[in-house]
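Right, one structure below, let's go through it.
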Amino acid sequence: MTLNKQDVVNHMMGFFQAKAVTAALSLKLFDHFRDTDLSAQQLADKIDAPLRSTEQMLIALNAMGYLTKQDNQYQLPTEHHAFLLSDEPMWLGWLGRHIDTFLYPLWGELSSAVKSDTNQREAVFGDNRSWFDILYQNPDDVADFQEFLGKFAAPFIEGFVKDYDFSQHHAFLDIGSGIGTLPIAVANAHPGVSLAICELPQASAFLRDKLGEQGYGDRIEVVEGDVIAGNLPIGNYDLIHLGWMLHDYAPETQITILKNIYNAMPAGGRFIASETPLNDDKSGPEFTALLSLNMLVSTDGGIESSSEEYLARFHEAGFSNARILEIPGPRTLIVGEKA
Ligand SMILES: C[S@@+](CC[C@H](N)C(=O)[O-])C[C@H]1O[C@@H](n2cnc3c(N)ncnc32)[C@H](O)[C@@H]1O
Numbered sequence: 001m002t003l004n005k006q007d008v009v010n011h012m013m014g015f016f017q018a019k020a021v022t023a024a025l026s027l028k029l030f031d032h033f034r035d036t037d038l039s040a041q042q043l044a045d046k047i048d049a050p051l052r053s054t055e056q057m058l059i060a061l062n063a064m065g066y067l068t069k070q071d072n073q074y075q076l077p078t079e080h081h082a083f084l085l086s087d088e089p090m091w092l093g094w095l096g097r098h099i100d101t102f103l104y105p106l107w108g109e110l111s112s113a114v115k116s117d118t119n120q121r122e123a124v125f126g127d128n129r130s131w132f133d134i135l136y137q138n139p140d141d142v143a144d145f146q147e148f149l150g151k152f153a154a155p156f157i158e159g160f161v162k163d164y165d166f167s168q169h170h171a172f173l174d175i176g177s178g179i180g181t182l183p184i185a186v187a188n189a190h191p192g193v194s195l196a197i198c199e200l201p202q203a204s205a206f207l208r209d210k211l212g213e214q215g216y217g218d219r220i221e222v223v224e225g226d227v228i229a230g231n232l233p234i235g236n237y238d239l240i241h242l243g244w245m246l247h248d249y250a251p252e253t254q255i256t257i258l259k260n261i262y263n264a265m266p267a268g269g270r271f272i273a274s275e276t277p278l279n280d281d282k283s284g285p286e287f288t289a290l291l292s293l294n295m296l297v298s299t300d301g302g303i304e305s306s307s308e309e310y311l312a313r314f315h316e317a318g319f320s321n322a323r324i325l326e327i328p329g330p331r332t333l334i335v336g337e338k339a
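full-length UniProt numbering applies: residue 1 is where the sequence shown begins, and numbers increase by one.
Set out below in structure tokens:
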């Protein structure tokens, strides 16, 4: 791939687009277009902002394709409602807030992170507690993180539940389930499989509330635990899944996690990690490569790995028959068994 000068300029100025969108979502500006077209003055009155700056924002959102404009009226295309209106289930404002509060400030220190191979939590937040301790200190931040991850996971879960026969198992434990999207999908498809989640204590109250609201409070058990400390529920779970979590931790911590899971499993049980691995020659994909930099600035040694590297860690932890399973959707499954 050869880049030209404009490609480089576009990469560097990419943050203009990112911040225009997160600001518009944060202002819940799109909500005002739900049922009506608006002029700049009408929107300025609704969001209680000066006309000049409101119009600058509207011109940018129109130029970026978020809004359309006819005469002096701006419109929100109905196809955009599902992810731009704050009361829609797929609203992306959760991600916007997470970016504004955590990711953008941390990425501002990327060059220091590369020079020192260290996360930038202390530099940005003056706080050297773990990534999840900082992230989970405020209930609103828990909601932002879990809600957007649940939406990110949707295409993966659709492919996983369609392609993998969960009914061959009698008890399924999802470690670090987040908002519980995967166990909910399995509950809907396989009434015979018993379901449990193990989550960090700081995320469990939010999770219990969410499951309760959706009517899964009794169907899916929530057990507080920590897969690194090794306090996992010991049950007869013949399937354990860990989604998009290995990459949050350094390779040596990943081995600890894998060994703890192996030890908690019954003989004959199966373990599946879902990740978005790097290509074996580490040539990409671009999203995973950039996500690895996100791990660098935010976590304690978290890093993206290739499928081969994940398999080597599975072997080191004791899993037999370690292998890769490709499923439709954005993630790859790394599978191992306890003989
Ligand atoms: C990146 S999110 C992934 C959420 C979901 N599993 C998915 O696949 O999209 C990682 C999740 O793991 C949980 N987690 C992180 N460290 C953990 C630990 N040491 N023990 C248990 N859960 C943990 C976090 O609370 C968070 O919900």
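Every residue, glycine too, gets a C-beta built ideally from N, C-alpha and C.
Not one heavy atom of ligand 1 falls within 6 angstroms of the beta-carbon of Gly-235. Leu-325 carries a strand assignment under DSSP once its states are collapsed to helix, strand and coil. Segment contact: the region 181-188 against the region 250-264, fewer than three CB-CB distances shorter than 8 angstroms; contact not assigned. Of the candidates Ala-44, Leu-278, Ser-274 and Gly-284, the residue whose Cα lies closest to the Cα of Ser-305 is Leu-278.
Taking the Cα positions, Asn-62 is about 35 angstroms away from Gly-178.
Of the residues Ile-99, Val-223, Ile-175 and Asp-238, the one whose Cα lies closest to the Cα of Thr-22 is Ile-99.
Pairing Leu-95 with Phe-148 gives a Cβ-Cβ distance under 7 angstroms.
The three-state reading of DSSP puts Ile-179 in coil, since its state is none of H, G, I, E or B. Of the heavy atoms belonging to ligand 1, none sits nearer than 6 angstroms to the Cβ of Ala-205.
Runs of alpha helix (DSSP H) with 4 or more residues, each lying fully within the region 112-150, are found at 121-125 and 131-135, listed in chain order. Membership of Gln-214 in any beta strand (DSSP E) is not indicated, and neither H nor E is assigned to it by DSSP. DSSP places Gly-243 within a strand segment (E or B) once states are collapsed to three. Rounded to the nearest angstrom, the Cβ distance from Ile-261 to Leu-246 is 10 angstroms, too far for a contact under 8 angstroms.
With respect to the 7 angstroms criterion, Trp-107 and Val-297 are classified as neighbours on the basis of their beta carbons. Shown here, Thr-36 sits in coil according to DSSP, grouped into three states, outside any helix or strand. The alpha-carbon separation between Tyr-237 and Asp-140 amounts to approximately 32 angstroms.
Contact annotation: the region 267-278 does not touch the region 197-208, with fewer than three C-beta pairs closer than 8 angstroms. 7 angstroms or more divides the Cβ of Arg-313 from the Cβ of Thr-276.
In the structure shown, Asp-45 adopts helical secondary structure according to DSSP, grouped into three states. For Leu-149, the shortest C-beta to heavy atom distance toward ligand 1 is below 6 angstroms. Taking all protein chains shown into account, Glu-199 has 16 or more neighbouring C-beta atoms within 10 Å of its C-beta and is therefore buried. Residue ranges of uninterrupted beta strand (DSSP E) with 3 or more members, entirely inside the region 259-324 and ordered along the chain, are 270-275. The Cβ-Cβ distance between Tyr-310 and Ile-334 falls below 7 angstroms. Look at Tyr-74 here: in three-state DSSP terms it is strand.
Ser-86 and Lys-46 do not touch by the CB rule: their CB atoms are close to 14 angstroms apart, not below 8 angstroms. Judged by DSSP secondary structure, Thr-2 falls outside any beta strand (DSSP E); it is assigned neither H nor E. For Gly-336, the enclosing beta strand (DSSP E) starts and ends at 332-337.
Asn-231 has Asp-226 as its beta-bridge partners, per DSSP. The region 74-88 makes no contact with the region 121-138, as fewer than three CB pairs between them are under 8 angstroms.
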